[in-house]
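Following: one structure in structure tokens, then a few remarks.
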């Protein structure tokens with residue numbers, strides 16, 4: 001259960017909502033860039049020892065000590081919290097981001113604790129070393145990823161060097177890792193071509209070499225926060241860090257959608273359907289697929305149905321939020337007028353009291369020429 005919000009939005013004497021944004025510029029970034037930004041949420045891995053495709057993946061997980069890292073997110077992303085985090089990110093100080101009057105640490109140590117990751121210094125990062133190589137062994141990398149083509153790489157027309165490799169040409173374990181990379185380390189939407197960067201990273205992972213994933217994730221957030229049309233990365237991680245820092249939010253605040261787990265059985269099924277053509281896709285799954293594949297398919301359908309319901313609820317809550325935001329602005333304006341009225345009335349009362357004192361002094365022959373004052377002029381706003 002998240003900490004409860006106690007105080008409503010307040011602008012006090014500032015020109016922005018000081019409970020949600022560290023600066024006026026942050027509020028402007030929120031409204032312009034992050035309020036409508038889409039998100040790529042994290043996904044866990046579903047691995048089974050009895051599935052031969054999962055065995056090499058499990059070996060990598062154990063070797064890299066990524067047991068917690070590959071688990072399904074325990075905390076769903078809270079839409080408004082994640083958007084405010086990104087809006088305030090540019091104004092961070094000492095690795096801490098202002099979120100609803102709390103300072104949320106976003107550094108190596110904080111991420112390491114959430115995922116129980118081992119510490120990999122930059123100088124020992126195999127991915128960084130591979131990227132810096134002048135002539136990497138592209139053939140060896142393609143072979144490790146499972147591509148047996150004579151010419152596996154797509155060559156750039158400008159640099160004349162390999163730039164990408166087809167996802168469909170890769171081994172199922174490589175595809176699993178690429179989906180994980182695309183949600184947990186270097187986020188990306190749907191892709192059919194694997195960039196050289198992601199291919200290098202997947203190669204390092206599959207060969208069980210140490211990778212500084214924490215720095216990669218931090219770099220991705222930093223880059224996303226600077227974009228004019230951003231995509232929100234790592235919403236579950238960000239919300240978990242905010243919850244740990246006791247950032248408050250309300251129970252009805254919108255939760256971001258989660259996809260089903262990355263599963264080699266599902267990927268194999270998709271590959272079989274693609275090879276068999278359209279007629280296969282309309283057929284029902286046979287018993288030869290095994291109980292595990294059928295169970296996963298049922299879970300996937302259930303998740304898809306739940307996602308539709310969540311999307312409908314999201315739209316409803318978004319409309320309610322917009323209406324509440326508009327009403328909030330009206331109330332802020334009314335409150336300002338009330339404050340102006342109160343200030344004006346207080347000034348008039350002070351004048352009346354001063355005039356009464358002058359009059360009493362005149363009646364008592366203490367003052368021969370009383371000095372009466374006029375009430376201050378009414379403000380234009382009133």
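In the UniProt record's numbering, the protein residues as written are 1 to 382. Glycine included, each C-beta is placed from N, C-alpha and C at the ideal position.
Own chain partners of residue i with C-beta closer than 8 Å, once the 5 adjacent residues on each side are dropped
| i | result |
| --- | --- |
| residue 164 | 153, 154, 193, 194, 195, 196, 199 |
| residue 128 | 122, 212 |
| residue 202 | 145, 174, 177, 178, 181, 194 |
| residue 25 | 90, 91 |
| residue 361 | 367, 370 |
DSSP bridge partner residues for residue i (one or two, in chain order)
| i | result |
| --- | --- |
| residue 337 | Its beta-bridge partners do not exist; DSSP assigns none. |
| residue 67 | Residue 67 pairs with nothing; no bridge assigned. |
| residue 233 | 40 |
| residue 164 | 154, 195 |
| residue 35 | DSSP, once it has assigned bridges, lists no residue as partnering residue 35. |
| residue 78 | 255 |
| residue 262 | 45 |
Separation of residue j from residue i, as counted between CA atoms
| i | j | result |
| --- | --- | --- |
| residue 114 | residue 189 | 24 Å |
| residue 42 | residue 150 | 35 Å |
| residue 111 | residue 186 | 15 Å |
| residue 182 | residue 262 | 11 Å |
| residue 380 | residue 336 | 14 Å |
| residue 264 | residue 48 | 9 Å |
| residue 63 | residue 54 | 14 Å |
| residue 136 | residue 170 | 19 Å |
| residue 347 | residue 338 | 14 Å |
| residue 238 | residue 45 | 20 Å |
| residue 23 | residue 97 | 12 Å |
| residue 167 | residue 56 | 19 Å |
| residue 141 | residue 273 | 27 Å |
Same chain only: Cβ atoms within 6 Å of residue i, ignoring 5 sequence neighbours per side
| i | result |
| --- | --- |
| residue 242 | 81, 99, 104 |
| residue 68 | 115, 116 |
With 16 other Cβ atoms within 10 Å as the buried cut-off, status of residue i
| i | result |
| --- | --- |
| residue 363 | exposed |
| residue 229 | exposed |
| residue 145 | buried |
| residue 134 | exposed |
| residue 132 | exposed |
| residue 334 | exposed |
| residue 17 | buried |
Own chain, CB closer than 7 Å to residue i, minus 5 neighbours either side, in chain order
| i | result |
| --- | --- |
| residue 359 | 370 |
| residue 65 | 118 |
| residue 138 | 153, 162 |
| residue 30 | 21, 83, 84, 87 |
| residue 210 | 120, 124, 125, 126 |
| residue 354 | 373 |
| residue 147 | 165, 169, 170 |
Note to self: Threshold first: 4 residues or longer. Then list the alpha helix (DSSP H) segments lying entirely within the region 81-138, N to C.
What the structure shows: With a minimum length of 4 residues, the continuous alpha helix (DSSP H) runs that stay inside the region 81-138 are 108-115, 126-132.
Next item on the list: Could you tell me which uninterrupted alpha helix (DSSP H) segments, each at least 4 residues in length, are contained entirely in the region 170-225, listed from first to last along the chain?
Entry: If only complete runs of 4 or more residues are kept, the region 170-225 shows the alpha helix (DSSP H) at 172-184, 196-206, in order along the chain.
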